[in-house]
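> Residue numbers (numbering that gives the first Met the number 0), protein chains in the order written: chain A, 0 to 231; chain B, 0 to 255.
The C-beta atom is built at its ideal place from N, Cα and C for all residues, glycine as well.
Quick caveat, the model's predicted, so the values are computed rather than measured.
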Amino acid sequence: MIEIRGLNKRFGNFVALKDIHARFSNDECIALIGPNGSGKTTLIKSLLGMVIPEEGQIFFEGNQILGSWEYRKRIGYMPQAGRYPENMSIDQLFTMMRDIRKNDGEDKELYDLFDIESIKSKALGTLSGGMKQKVNASLAFLFDPNALILDEPTAGLDPVSSEILKAKISKECRKSKLIIITSHVLSDLEEFVSRVVFIQDGVIRFSKNLTEIKTDTGEHTLSKAIAKIMSA
Amino acid sequence: MNIKLMKYMMVDILRSKMILGYTFLLLLMSFSVFTLEDNPSKGLLSMLNITLVIVPLVGGVFSSIYFYNSAEFIELLVSQPIARKTIWRSVFAGLSGALSIAYLIGAGLAIVLFAPGISGGMMILSGLFLTNTFIAIGLLATVKIRDKARGIGIVILLWLYFALLFDGIVLFVTFQMAEYPMEKAMVLISALNPIDLCRILVLLQLDVSALLGYTGAIFTQYFGTSLGLLISFFVLLLWIIIPYQFARRWFIKKDL
Numbered sequence: 000m001i002e003i004r005g006l007n008k009r010f011g012n013f014v015a016l017k018d019i020h021a022r023f024s025n026d027e028c029i030a031l032i033g034p035n036g037s038g039k040t041t042l043i044k045s046l047l048g049m050v051i052p053e054e055g056q057i058f059f060e061g062n063q064i065l066g067s068w069e070y071r072k073r074i075g076y077m078p079q080a081g082r083y084p085e086n087m088s089i090d091q092l093f094t095m096m097r098d099i100r101k102n103d104g105e106d107k108e109l110y111d112l113f114d115i116e117s118i119k120s121k122a123l124g125t126l127s128g129g130m131k132q133k134v135n136a137s138l139a140f141l142f143d144p145n146a147l148i149l150d151e152p153t154a155g156l157d158p159v160s161s162e163i164l165k166a167k168i169s170k171e172c173r174k175s176k177l178i179i180i181t182s183h184v185l186s187d188l189e190e191f192v193s194r195v196v197f198i199q200d201g202v203i204r205f206s207k208n209l210t211e212i213k214t215d216t217g218e219h220t221l222s223k224a225i226a227k228i229m230s231a
Numbered sequence: 000m001n002i003k004l005m006k007y008m009m010v011d012i013l014r015s016k017m018i019l020g021y022t023f024l025l026l027l028m029s030f031s032v033f034t035l036e037d038n039p040s041k042g043l044l045s046m047l048n049i050t051l052v053i054v055p056l057v058g059g060v061f062s063s064i065y066f067y068n069s070a071e072f073i074e075l076l077v078s079q080p081i082a083r084k085t086i087w088r089s090v091f092a093g094l095s096g097a098l099s100i101a102y103l104i105g106a107g108l109a110i111v112l113f114a115p116g117i118s119g120g121m122m123i124l125s126g127l128f129l130t131n132t133f134i135a136i137g138l139l140a141t142v143k144i145r146d147k148a149r150g151i152g153i154v155i156l157l158w159l160y161f162a163l164l165f166d167g168i169v170l171f172v173t174f175q176m177a178e179y180p181m182e183k184a185m186v187l188i189s190a191l192n193p194i195d196l197c198r199i200l201v202l203l204q205l206d207v208s209a210l211l212g213y214t215g216a217i218f219t220q221y222f223g224t225s226l227g228l229l230i231s232f233f234v235l236l237l238w239i240i241i242p243y244q245f246a247r248r249w250f251i252k253k254d255l
C-alpha cells in the first residue's frame with residue numbers, strides 16, 4: 000500500500016537518498032534499520048511529505064502523495080523524540096489534534112495505559128524525554144490509522160512503558176496494518192517484525208524476511224544476524 | 000479547521016510577553032506624545048515618526064523570531080492531514096491578527112481619542128499596512144534561511160534598508176541629479192518603499208506638505224487625488240501580497 004519509485008533526495012551536496020525503490024503492503028511490519036545518518040528519517044519524512052524529494056514518486060494506497068495531504072489522515076506518525084510547542088499543555092495538544100484529524104473512532108488504549116490523563120494539564124515544555132515519548136506514542140495510535148510510522152519508538156522509555164508500547168505494536172501488527180519502524184535496538188523489533196529493510200548511505204542494501212535473514216546467516220537472533228551482515 | 004488552526008496560533012502568539020511589551024510601549028509613547036503636544040496635528044506628526052520606525056522593526060523581527068521558535072509546532076502540523084498552504088495562511092493570519100490588535104490598542108486608541116478625523120484614520124491605516132507588509136517580509140527571509148541568527152540579521156538589515164538607507168540613497172541620487180526635473184520620478188521611486196509611501200500619505204493629510212517644497216506640490220497632485228489614493232493603497236497591498244506569495248511558495252517546497 001506504500002510504493003516508492005526511484006526516490007532521490009539530496010541536501011546540498013549530501014546525497015540522503017539514492018534511487019530508492021520499495022513496496023510495503025498492508026499486513027507487513029517493516030523494520031527500517033541502518034547506521035546513523037543513513038537516510039532512515041529522510042525516507043520516513045518523504046513518506047509524510049515533510050521532505051520533498053527531487054525525483055521519484057511515492058504512492059499511498061495507489062495515489063501519488065506529492066502535493067496531496069488527505070492521505071495523512073490514515074497515517075499515524077511518531078516522530079523521533081517528539082518536538083512540541085513548549086507552552087502548550089498536553090490537553091490542548093490533544094484537543095488540537097482532534098480538531099485537525101476529525102476522526103470518528105478513537106483508540107485510547109495507550110492513552111490509558113500510559114495514564115496521560117493524570118498529567119494532562121502539564122505544559123509540554125516541562126515534560127521529560129520519556130514522558131514526551133509517551134505522549135508521542137499515544138497520539139500516533141489515537142486515531143486508529145491504517146498505517147503507522149514509528150521513528151525510534153522505544154527510545155527514552157523505561158522498561159515497563161517500553162513493554163507496553165511493544166505489546167501495542169504487535170497487537171496492531173496482527174490487525175493487518177502496515178507498520179514501519181526504525182530502531183537501533185534490534186532485540187526490540189524481533190518479536191513482531193516481518194521484514195527487515197537495511198539502508199546505508201541512502202541506498203537500500205537489502206530487504207529480506209526475518210526467517211530468511213536468520214537462515215542466510217545461520218544466527219538465531221536478529222541483532223547477531225545483522226551484525227554479521229554489516230561486518231561482511 | 001482552518002479558523003481553528005488560526006485561533007490556536009493567535010492564542011499562542013498573544014500569550015507571548017513580547018507582544019504585551021510591544022503594546023505597552025506603543026501605548027506609553029502614543030499617550031505621552033499626545034499629552035505633551037497641545038496641538039493634535041503635531042502629536043500625530045510625532046506619532047508618525049515613531050510608527051514608521053517601530054512598527055516595521057517589530058513586525059519583521061517578531062514574525063521572524065516566532066517562526067523560528069515554532070519550528071516544532073510547524074513540523075508537527077506538516078506531518079498531520081493539513082495542506083501546507085493552509086498552515087502558511089494560518090501562520091500569517093495569526094501573526095497579522097496579533098500584531099494588528101497590538102497596534103490598534105497601542106497606537107489606535109490614542110489616535111482616536113486625541114486626533115480623530117481623516118488624518119488620524121490614515122495614520123491607523125498606514126500602521127496596519129506596514130505591520131502586515133513587514134510580517135510578510137520577515138517571514139520571507141525566515142522561510143528561506145535555516146540559521147536563526149542569520150535570518151533575524153537579514154530581517155534587521157532589510158528593516159534598516161527600508162527605514163534609513165533607502166532615503167539616504169534617494170537623497171544622494173536627487174542631489175546628483177539636481178539639474179534634472181526629478182519630481183515626477185520621485186513619485187515612482189516612493190512607491191518602491193512602503194514606509195515612504197505611508198509617510199507621504201499621512202503627511203499629505205496633515206497639510207504640512209507645503210514644507211516639502213515643489214516635490215510636495217507634485218505629491219499633492221498625484222497622491223492627493225482619489226485616484227492617486229486608490230493607486231497608493233493598491234501598491235501598499237502589493238507590498239503585502241508579493242512577499243507573502245513568494246514566502247508561501249518557498250514554504251510549500253521546504254524540507255522540514
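Alpha helix (DSSP H) containing A/LYS176: first to last residue?
Counting along the chain, A/LYS176 falls outside any alpha helix (DSSP H), and DSSP gives it neither H nor E.
> Quick one: list the residues of chain A neighbouring B/ILE12, beta-carbon separation under 7 angstroms, in chain order.
Residues of chain A passing the Cβ test: none, with the nearest at roughly 11 angstroms.
> Beta-carbon within less than 6 angstroms of B/ILE217's beta-carbon, same chain only, minus the 5 sequence neighbours each way: which residues are those?
Here the set comprises GLU182.
> List the residues of chain A whose Cβ lies closer than 9 angstroms to the Cβ of B/ILE81, in chain order.
Simply TRP68, ARG71, ILE99.
> Are the CB atoms of B/MET9 and B/GLY93 within a distance shorter than 8 angstroms?
Against a cut-off of 8 angstroms, the Cβ pair of B/MET9 and B/GLY93 comes out as a contact.
> For my contact list, A/ILE168 and A/PHE23 are in at a C-beta cut-off of 8 angstroms; report their separation, rounded to the angstrom.
That pair is no contact at about 16 angstroms.
> I want to verify the contact list: residues of chain A whose CB lies under 9 angstroms from the CB of B/LEU255, in sequence order.
Per Cβ cutoff of 9 angstroms: LYS44, MET49, VAL50.
> Is B/PHE72 close to chain A? Criterion is C-beta to C-beta, closer than 8 angstroms.
For B/PHE72, the answer is yes, since a Cβ of chain A falls inside 8 angstroms of its Cβ.
> Please report the Cβ distance between A/PRO78 and A/ASN135, rounded to the nearest whole angstrom; I am assuming they are in contact, meaning their Cβ atoms lie under 8 angstroms.
With a Cβ gap of about 7 angstroms, A/PRO78 and A/ASN135 count as contacting.
> Taking C-beta to C-beta, are B/ALA140 and B/ILE239 nearer than 8 angstroms?
No; because the gap between Cβ atoms is not below 8 angstroms, this pair is not in contact.
> From the DSSP secondary-structure annotation, give me the bridge partner or partners of A/LEU181.
Looking at the sequence itself, residue 181 of chain A is Thr, so the reference to Leu does not match. DSSP lists A/LEU31, A/ASP150 as partners of A/THR181.
> Would B/LYS171 be called buried (16 or more neighbouring beta carbons within 10 Å of its own) or exposed?
The question names Lys, but residue 171 of chain B in the sequence shown is Phe. Counting Cβ neighbours within 10 Å, B/PHE171 comes out exposed, since fewer than 16 surround it.
> Going by alpha carbons, who is nearest to B/LEU159 out of B/PHE174, B/VAL57, B/VAL32?
Checked all of B/PHE174, B/VAL57, B/VAL32; the closest Cα to B/LEU159 is B/VAL57.
> Label A/TYR76 either buried or exposed according to how many other C-beta atoms from any shown protein chain fall within 10 Å of its C-beta, with 16 as the threshold for buried.
Looking at its Cβ environment, which holds 16 or more other Cβ atoms inside 10 Å, A/TYR76 is buried.
> Tell me, to the nearest whole angstrom, how far the beta carbon of A/LEU164 is from that of A/THR153; I am working on the premise that it is less than 8 angstroms.
Sure, about 6 angstroms apart at Cβ, within 8 angstroms.
> Would you decide whether B/ARG83 is buried or exposed? Buried here means 16 or more other CB atoms lie within 10 Å of its CB.
Buried, since its Cβ has 16 or more Cβ neighbours within 10 Å.
> Closest to B/SER125 by C-alpha separation, out of B/PRO80, B/LEU202, B/GLU71, would be which residue?
B/SER125 has its Cα closest to that of B/LEU202, out of B/PRO80, B/LEU202, B/GLU71.
> Taking its Cβ as the centre, do 16 or more other Cβ atoms sit within 10 Å of B/PRO55, making it buried, or is it exposed?
B/PRO55 is buried by the Cβ-count criterion.
> Taking the alpha-carbon positions, what's the A/THR181 to A/ASP114 distance?
Between A/THR181 and A/ASP114, the C-alpha separation is close to 25 angstroms.
> Can you pull the chain B neighbours of A/MET95, defined as C-beta to C-beta under 7 angstroms?
Within chain B, the residues near A/MET95 are TYR7.
> Apart from the five residues on each side of it in sequence, which residues of its chain come closer than 7 angstroms, Cβ to Cβ, to B/TYR65?
ILE12, LEU94, listed in sequence order.
> Counting pairs of beta carbons, one from the region 37–50 of chain B and one from the region 110–117 of chain B, are three or more of them closer than 8 angstroms?
Flag = yes, the region 37–50 of chain B and the region 110–117 of chain B touch.
> For A/VAL202, which three-state DSSP category applies?
In the structure shown, A/VAL202 sits in a strand (DSSP, three-state: E or B).
> Please state the DSSP three-state secondary structure of B/ASP195.
Correct three-state label for B/ASP195: helix.
> Quick check on this structure: which residue in A/GLU218, A/ILE212, A/LYS213, A/ILE203 has the alpha carbon closest to the alpha carbon of A/GLY33?
Answer by Cα proximity: A/ILE203.
> Just the chain A side, please: which residues come within less than 7 angstroms of B/LYS147 by C-beta, in chain order?
By Cβ distance, chain A contributes nothing, its closest Cβ being about 15 angstroms from B/LYS147, past 7 angstroms.
> What first and last residue would you give for the beta strand (DSSP E) that runs through A/LEU6?
Taken as a continuous stretch (DSSP letters only), the beta strand (DSSP E) holding A/LEU6 covers 1–10.
> Short of 6 angstroms in beta carbon distance, which residues of its chain neighbour B/ILE230, apart from the five on each side in sequence? Order them along the chain.
Result list for B/ILE230: empty, nothing under 6 angstroms.
> What does a CB cutoff of less than 8 angstroms around B/SER118 pick up in its chain, not counting 5 residues either side in sequence?
Excluding sequence neighbours, B/SER118 sits near SER40, LEU43, VAL201, GLN204, LEU205.
> Expressed to the nearest angstrom, what Euclidean distance is found between the alpha-carbon atoms of A/MET87 and B/SER69?
Between A/MET87 and B/SER69, the C-alpha separation is close to 11 angstroms.
> Hey, out of A/LEU16, A/ILE51, A/LEU109, whose CA is closest to A/GLY36's CA?
Nearest option by C-alpha distance: A/LEU16.
> In whole angstroms, what separates the C-alpha of A/PHE140 from that of A/LYS101?
So the alpha carbons of these two residues sit roughly 14 angstroms apart.
> Chain E partners of B/LYS3, CB-CB under 9 angstroms?
In the structure shown, chain E does not exist; the protein chains are A and B.
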